[in-house]
Each structure stands twice: as C-alpha cells, then as structure tokens.
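Each residue of the sequence shown is one higher than the one before, counting from 343 in this note's numbering. The C-beta atom is built at its ideal place from N, Cα and C for all residues, glycine as well. Small disclaimer: the values here were computed from a predicted structure and weren't measured. Everything below concerns the one structure shown next.
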Amino acid sequence: MKFKRTIVTLGVAGLLLGSTVVFSEPGSETDPVVSLSYLNIKLEEIRDYIDEKISDRSDQNVPGDSLVVVELQNGQILEGQAGTEIIKRSGEAVAIASSLGGLSNVTSGVDIADGANVPSNHLLIVPRSDGRGILVTKDKTFVMVRGEYNIK
Numbered sequence: 343m344k345f346k347r348t349i350v351t352l353g354v355a356g357l358l359l360g361s362t363v364v365f366s367e368p369g370s371e372t373d374p375v376v377s378l379s380y381l382n383i384k385l386e387e388i389r390d391y392i393d394e395k396i397s398d399r400s401d402q403n404v405p406g407d408s409l410v411v412v413e414l415q416n417g418q419i420l421e422g423q424a425g426t427e428i429i430k431r432s433g434e435a436v437a438i439a440s441s442l443g444g445l446s447n448v449t450s451g452v453d454i455a456d457g458a459n460v461p462s463n464h465l466l467i468v469p470r471s472d473g474r475g476i477l478v479t480k481d482k483t484f485v486m487v488r489g490e491y492n493i494k
C-alpha cells in the first residue's frame, strides 16, 4: 500500500512538473532556464547594439585608441584639442601655435613654434584646446591623428 502511494505521488508530481515545463515560455520568470534559441536572440540583439555604436562612432570625429590617417590639401588647417596626437607622414606643414606656446614635439623633446616646419614621423601633442595645430602647405599631405580634431 505504501509503495503504491509513493508511485502515485511521484506520477502526479511528474505530470504537474512536466506540464509546467511544457506550458511555460523558456527564459520567462516562470522558467528561468535559458534555451539556445533565447540565447541566440539575445546575442543577436547585442551584436546589433554593438554594430550601431560602432557605426555611430565612425560617422563622427570621436577620440579613440587608434590612429586615423587623414589626407589634407594645401591651405587646410588641422586644429587639435587638448591631448590630440599628430604625426605627419608625408607632405609639408607648419605649426600653428597660441600665445601660450607651440606644439609639443615629444620625439625630439622641443616645442615647435608658430610657423616652424613640422618634421615628418615626429609625434606632436597638442597641450591645450586653444587653436593649436598644423597648416598644410603642400597638397596630399598625410597625417596620422589620435584624439579630437577639426579640419578647416
């Protein structure tokens, strides 16, 4: 008799639990078990979100961790904000300084004064957001830039 009650009790419990699992939505509050399809949906949402953010960032001049290659033409000015790094790769350019000083040439350890030639392959840092940058004096001048900048 005891054995039959145990079997019946286990059978009823199994039916109740089985119907709960069958009739509940995977990943819901009533069924917190994560299914593969639920995980795939969420991963796709995350991918879309990341792709959107990357697209937004590439459409703007946002400071980042990588150097960006910029082609400039004669007469254009690249004005950097505080902390912007500039490396002239080819072409010709002169420094634009402010009343507080020039561009910091960390490769040679000097301050580049207003109107002085910008040497190729030297790392320049703009110390303040006060209009400092470079004036291009030859078409097809290529620079690498990291940080915020404006081209005029």
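Requested in this report: Report buried or exposed for K430, applying the criterion of at least 16 other Cβ atoms within 10 angstroms of its Cβ.
Outcome: Here residue 430 corresponds to residue number 88 of the sequence shown, with the count starting at 1. Buried, since its Cβ has 16 or more Cβ neighbours within 10 Å.
Requested in this report: Within 10 angstroms of the Cβ of V410, are there 16 or more other Cβ atoms? Answer buried if so, exposed if not.
Outcome: Translated into the one-based positions of the sequence shown, residue 410 becomes position 68. That one is exposed.
Requested in this report: For L442, name the three-state secondary structure that DSSP assigns.
Outcome: As a first step, residue 442 must be located in the sequence shown, where it is residue number 100. DSSP places L442 in coil when its eight states are reduced to three.
**Report entry** Close beta carbons around E324, own chain, < 8 Å, minus the five adjacent residues each side
**Finding:** The requested residue 324 is not part of the displayed model; the chain covers only 343 to 494.
Query - Close-in-space but distant-in-sequence residues of the same chain around Q423 (CB under 6 Å, 5 per side omitted) - result: Looking up residue 423 in the sequence shown gives position 81. Here the set comprises S471 and E490.
Query raised in the report: Given G425, which residues of its chain have a CB within under 6 Å of its CB, disregarding the five upstream and five downstream residues?
Result: For the purposes of this step, residue 425 is taken as residue 83 along the sequence shown, with counting starting at 1. Taken in chain order, the residues that qualify are G489.
Query - Residue closest to V487, alpha-carbon to alpha-carbon, out of I392, E427, V460 and L381 - result: Working through the sequence shown from its first residue, we reach residue 487 at position 145. Cα-wise, what sits closest to V487 is E427.
Query - DSSP-derived helix/strand/coil call for D390 - result: Counting from 1 along the sequence shown, the entry for residue 390 is found at position 48. Here D390 sits in helix by DSSP.
Query raised in the report: Could you give the C-beta distance for E421 and K480, rounded to a whole number, given that I count them as a contact under 8 Å?
Result: Locating residue 421 in the sequence shown gives position 79, counting from the first residue. Locating residue 480 in the sequence shown gives position 138, counting from the first residue. Not a contact, Cβ separation roughly 18 Å.
Report task. Can you tell me which of the three DSSP states K395 falls into? Result -> For the purposes of this step, residue 395 is taken as residue 53 along the sequence shown, with counting starting at 1. In the structure shown, K395 sits in a helix (DSSP, three-state: H, G or I).
**Report entry** For G451 and I419, the rounded distance between their alpha carbons
**Finding:** Walking along the sequence shown from the start, residue 419 turns up at place 77. Walking along the sequence shown from the start, residue 451 turns up at place 109. Each residue's alpha carbon lies about 23 Å from the other.
Query raised in the report: Just how far apart, CA to CA, sit L442 and I476?
Result: Residue numbering aside, residue 442 sits at position 100 when the sequence shown is read from its first letter. Residue numbering aside, residue 476 sits at position 134 when the sequence shown is read from its first letter. Cα to Cα, the separation comes out at about 16 Å.
Query raised in the report: Is K482 helix, strand or coil when you go by DSSP?
Result: Numbered from its first residue, the sequence shown carries residue 482 at position 140. In the structure shown, K482 sits in coil (DSSP, three-state: anything other than H, G, I, E or B).
Query raised in the report: Using a Cβ-Cβ cut-off of 7 Å (strictly less than) and excluding sequence neighbours within five positions of G417, which residues of its own chain qualify?
Result: Counted from its first residue, the sequence shown places residue 417 at position 75. Cβ within range, chain order: V478.
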